[in-house]
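For reference, the structure discussed in these notes is given below.
Chains as they are written, first to last, in the numbering used here: chain A, 6 to 355; chain B, 134 to 400; chain C, 470 to 750; chain D, -15 to 417.
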């Protein structure tokens, strides 16, 4: 129905390059998250797709149609804004019906689709209120309902949950997922929150400095980061990186020796939970600095071979600061990266 | 603590009286007629309150015409300054473009000049253009006075309307002009109206340019300056009261917007 | 292409308007002031400077500006701080205090004429209180100090509101947290005002001062209403030369002087009261 | 009114005004006959013109007033641009005169012939020809300045002084007497911004002491005169520099003795005729100078409605209209019209003062400034500035007069105005010796 193709999109603001020839293909009905730190270009990319920003080079195709030169209203998409952008001078009903009315839809169809969207988002009780009479969460629902009411083939969402408090965000996340799954809309979702991206998306595109660093399924992004940046950005706690020296095809860490894919300086990436505690002499020692009991697990920050490292231990294990604990990576969980470029060396297992 | 509160409240009351009592006194002078103005010592209450003076003031030839001219000039000034100022304010608020800083500077520069005085050389060109002694001519120079204000205030008003609202309208099928009309205008309207009323007040009160640029079609202020100074005091006071009453009403109308208007016009 | 053109199309009308009604007359005024017949000359300025009222007009203008503007600033700061502590009826008080905003200087002059003329309300009140036995004159050429005081009073009454409004608006932009933080760290109310509120209010004070000073240089109807010819100021002289004497050149010379003074004052304020960019919130 | 209506109306207003007409103000619709006048300018007098004097006129004109300087500029501009809006003008002799040499006044010979039976004195009619063969204006009304005094002041009159033959010295003694005995300064002059103080210097004080105005401006007699006047000013109410009309302070009792134009005294005289006496201005060494004021009616060349204007002139010079004018605004007939015996007591006071002035044995008529055109304002300023420098600021008369004489000389040369009476006639610009 509506596949989105980003074909060599480049965007520069004067001398500042926001997007560097981005190539991206979002399949019909797919939910894609654009993930990255602020300033990485993810919002710019979304706005280029929406037509709110003009690209410097490249094309945007929606459903096979080149929309690069079309104004936003002609692109056949809907959008949820970060601050919701719910019109304060219109009732909730008028807001939700806005897109349909602009498209000149007949009253009956407008009514039907407005009702459906408001049912879906549980805002029927507020339809005749003004946005100022609603809470943040309710306004957010109105914004989503407004987008869904037009039954768009493409839905763009710009950090729609970032202004909600933690609990509400969790609740809305689940709801969004089920609603969108049911609607089957092609969705591009911009966020800087990796848990949101992981939880919602079919695929995640991680952006840094206007480039897509990795585009893959959430699990792959997590387990096999393509770069040191992706590993450090995705996951909580982030992946640990130890800068080590390999010689003769091997790297030594404490009592352990690992086979290294290359000689010379190399970076070892290791997730905090991909580790088990062993007896002294059977692994590498970690000098404990801070212990944070999280309930479901214990987060331990310590020092190893001159590097800071965070590991996850079972919740009943509470080492004391100053103590040494001994650790060994789980088999097959070591990730190697080039010390200079940060790119992963061992190709991800399929 | 209560003593301090008492001192504080009496200070507030004194300042309110400082504003209101003079208006009360000129109102007394205006309704009292010649007898009250000549009397000594004066009473602080209207003894024989009659609106005869005020009425006869309005009946004086020229006053009514001048009042109408004032209204006409002020309305035209309002229209000019909003029609010219609001688009420029929108441009400043929504686009970043080369020359925006220079434009802002020019606007600020006009504030540093006593614009009314610039009416002096305009006499000559206005006579040539047939604008001399017409309400339009005066309204034009008044609009030049009010325009910088209209530009800066409307820029801040438009800035206060989240860009996302407009973008949402575009995404949901509006063209730029339509989005402007459907979303921006309704939201900016109260502020724009306040700005317009302020432009009205600026024009209503301006006396120098209006005096210099007119002979027969005097605005009320210019008329009072030129003609009433040859009149007895009680008529002058009636004229003064006539000038004040609309101001009080206008300030009441825009009181809610006064501060947001100036707040952002600062920068 | 259309996108880059749009802002220019939007500012073009106002730009054209200001060019025609601001820049052109500005240049014309300057030209008029420096011309005598067909030649360039300083004749108008010589005529202006040799006029018996010129030095008085300059002195009076400066006296009025230098007395009125600082007093207004102090009064307005005081009023805006008082407003913060009013619990009930704040809107009413604000409205009352801002009424003079809409009152023209001519009307203000007439108001104070009603109060200060020989048979005015001030003399009546003093008489009722038994302080004087016969009317006292305040507005004659023999009482320049009282006349100056009357003009200052009228200006304070009329134009403090604009300073107040600008400052109140500015205060609204200063979050209360700053003052609260200062008080938590042990600052007295005076110290909070001096060290926190006042510096943060600097942009508003700058705006208010520029606005007020320029307008104070422009004031003349109030002076005319209260003092007649007894207290010439620069703009009233410009008005006289233009209107009574029909000498546009000398009037333009006065206008140039007023403009230079306004511009100089503005530049001084911009320089002295500028907020360093690194201190912007 | 809905918004669209409003927009349409404003747009119409704007368009109308752009075409040189005013949609909202009825003052100047193109079809109306505009009568522009420098006389009867104050709001109350203008109202009387519109509401009383013009009642019964064959044409109802739009009566517009203007101060003398802009009046001249305006008519010259209309002449230059050939864009005429004014059909009838009423102004003083001196204000009409600059329009004659530039062809600004249409000849009124036929009209003058028709008005023969009005009995306008030949001397007055001759003034209206400005020395040409044609009648350029028709005399309209006349007036002068005189003095009024509250009866309370009479007991302080210096011994031996005749109030109808007062000298400036006696006036000074009188005022000083009052000041000494009552502690209040009760002599007043209209020296406010809109007052006619300059006429006092130009038509009364100067000629009385020096026998001229321009030529002897800086003579020793003038210096002595200023010295005396400054001394007299010590007994003058300091509010004088705020007085525009002496009738106001005379009525309130702030001033007991005042000098002004008849029209600006009349209110006091009619309100309290029993309270006041009137008398001619004082005499100086050279005589009892006074300034007769002659106002005339003229039709500008190219006037849109000369017929209507002529009809109005006929109406305004009818004896009945002239008497009404005298009753209402205190300007007196130029035609042969006997003022009726039932004149109000106030008017009678005015008439007696004017008669006493004109018939005084030492009367010295001193004309209004002539031929100055737009420079009239600056001419007045010379005298007001001199007054301010010497009397108000205590400047040395000789030095001030030297300085001001230079200004006056330059002005007379620029205006190329020959002398007028009582200065001796000059060829070319009137010299300042």
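Glycine included, each C-beta is placed from N, C-alpha and C at the ideal position.
I need the DSSP call for residue i, collapsed to helix, strand or coil.
i, result
"residue 217/A", "strand"
"residue 23/D", "coil"
"residue 150/B", "helix"
"residue 129/D", "strand"
"residue 649/C", "helix"
"residue 308/A", "strand"
"residue 585/C", "helix"
"residue 89/A", "strand"
"residue 100/A", "helix"
"residue 222/B", "helix"
"residue 152/D", "helix"
"residue 335/A", "coil"
"residue 201/A", "helix"
"residue 313/A", "strand"
"residue 243/B", "helix"
Counting C-beta neighbours from all protein chains within 10 Å, is the total for residue i 16 or more, i.e. buried, or is it exposed?
i, result
"residue 92/D", "buried"
"residue 135/D", "exposed"
"residue 300/B", "buried"
"residue 240/D", "buried"
"residue 176/A", "exposed"
"residue 87/D", "exposed"
"residue 449/C", "Residue 449/C falls outside the range modelled here, since chain C spans only 470 to 750, and no answer is possible."
"residue 519/C", "exposed"
"residue 320/D", "exposed"
"residue 710/C", "buried"
"residue 737/C", "exposed"
"residue 21/A", "exposed"
"residue 529/C", "buried"
"residue 273/B", "buried"
"residue 299/A", "exposed"
Check the C-beta distance from residue i over to residue j and give it rounded, since I have them as a contact under 8 Å.
i, j, result
"residue 681/C", "residue 538/C", "5 Å"
"residue 222/B", "residue 276/B", "Not really, about 14 Å apart at Cβ, beyond 8 Å."
"residue 222/D", "residue 606/C", "6 Å"
"residue 165/D", "residue 228/D", "Actually they do not touch by this definition, with Cβ atoms about 29 Å apart."
"residue 228/B", "residue 475/C", "7 Å"
"residue 587/C", "residue 238/D", "6 Å"
"residue 154/A", "residue 97/A", "About 11 Å separates the two Cβ atoms, so there is no contact after all."
"residue 367/D", "residue 186/D", "6 Å"
Do the segment 139 to 147 of chain D and the segment 157 to 174 of chain D meet, that is, are 3 or more Cβ pairs less than 8 Å apart?
-> yes
Below 8 Å, can you find three or more Cβ-Cβ pairs linking the segment 252 to 261 of chain A to the segment 213 to 228 of chain A?
-> no
So, do the segment 558 to 578 of chain C and the segment 141 to 150 of chain B have three or more beta carbon pairs nearer to each other than 8 Å?
-> yes
Could you tell me whether the segment 202 to 211 of chain B touches the segment 331 to 350 of chain B, using the rule of 3 or more Cβ pairs below 8 Å?
-> yes
Check whether the segment 199 to 213 of chain A touches the segment 228 to 248 of chain A, taking contact to mean three or more Cβ pairs, one atom from each stretch, closer than 8 Å.
-> yes
Curious, which full-length alpha helix (DSSP H) runs of at least 4 residues does the segment 259 to 344 of chain D contain?
-> 290 to 300, 303 to 313, 329 to 343
At which residue ranges does the segment 510 to 539 of chain C contain complete alpha helix (DSSP H) runs of 4 or more residues, listed in the order of the chain?
-> 512 to 519
contact_flag[the segment 719 to 735 of chain C, the segment 639 to 648 of chain C] where n(CB pairs < 8 Å) is 3 or more | no
If we count Cβ pairs, one from each stretch, closer than 8 Å, do we get three or more for the segment 582 to 592 of chain C versus the segment 490 to 507 of chain C?
-> no
Unbroken beta strand (DSSP E) runs of length 3 or more, entirely within the segment 24 to 51 of chain D: which are they?
-> Those beta strand (DSSP E) runs which fall completely within the segment 24 to 51 of chain D and span 3+ residues are 46 to 49.
The segment 104 to 112 of chain D touching the segment 370 to 390 of chain D, judged by at least three CB pairs closer than 8 Å | no
Taking only runs of the alpha helix (DSSP H) that begin and end inside the segment 18 to 100 of chain A, which ones reach a length of at least 4 residues, in chain order?
-> Within the segment 18 to 100 of chain A, the runs of alpha helix (DSSP H) at least 4 residues long that lie entirely inside it are, in chain order, 47 to 55.
In chain order, which continuous runs of the beta strand (DSSP E) of length 3 or greater are located wholly inside the segment 48 to 114 of chain D?
-> 70 to 76
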